[in-house]
Amino acid sequence: MTDRALWIEQRIANDGPSTLVAYLLWFFLGFFGVHRFYLGRWFSGLMQLVLFGIGSALTFILVGYIPLALVGLWWALDALLIPGMIATDRAVMRYRLMNGWD
Numbered sequence: 001m002t003d004r005a006l007w008i009e010q011r012i013a014n015d016g017p018s019t020l021v022a023y024l025l026w027f028f029l030g031f032f033g034v035h036r037f038y039l040g041r042w043f044s045g046l047m048q049l050v051l052f053g054i055g056s057a058l059t060f061i062l063v064g065y066i067p068l069a070l071v072g073l074w075w076a077l078d079a080l081l082i083p084g085m086i087a088t089d090r091a092v093m094r095y096r097l098m099n100g101w102d
C-alpha cells in the first residue's frame, strides 16, 4: 500500500461511523431513529421519529399501536441493515478521499 492509501484508510477509521456507536444508539434510542441520524439517513430517521410520535400520541384510542408496531419492525430490521449502511458510508468516504474531494 502506498502512503496515500494508508492515510485514506486511517482517515476512514478515525472519521467514519463507528459500528459500536451505531448499535448502541440503535439499542437504546432506536425507536426515535437516532441511529439513522448518526449514519446520515436524516429523512428515514425523521420518518421513524414521526411514526413513533404519532403512535405514542394515539395509543389512548388503540389506533397508535399500528404505527408503533411498524416502528418496532423497522427497529428490528435495522439491526441487520446497520453494517451495510456503515459499509456504504465508508465506501463513499473512500471514493471522495481518493478523488481529492475532501
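The sequence shown begins at 1 in full-length UniProt numbering and counts up one residue at a time. Every residue gets a Cβ at the ideal spot worked out from N, C-alpha and C, and that includes glycine.
Would you report the Cα separation of residue i and residue j, rounded to the nearest angstrom?
i	j	result
residue 97	residue 56	43 Å
residue 72	residue 5	41 Å
residue 54	residue 74	15 Å
residue 3	residue 47	42 Å
residue 20	residue 35	11 Å
residue 88	residue 29	22 Å
Inspect the beta-carbon positions of residue i and residue j and report whether they are closer than 8 Å.
i	j	result
residue 86	residue 26	no
Secondary structure at residue i, three-state DSSP: helix, strand or coil?
i	result
residue 30	helix
residue 101	coil
Thinking C-alpha only, which one of the options is nearest residue i?
i	options	result
residue 67	32, 24 and 11	32
residue 80	8, 11, 23 and 18	23
residue 51	59, 70 and 10	70
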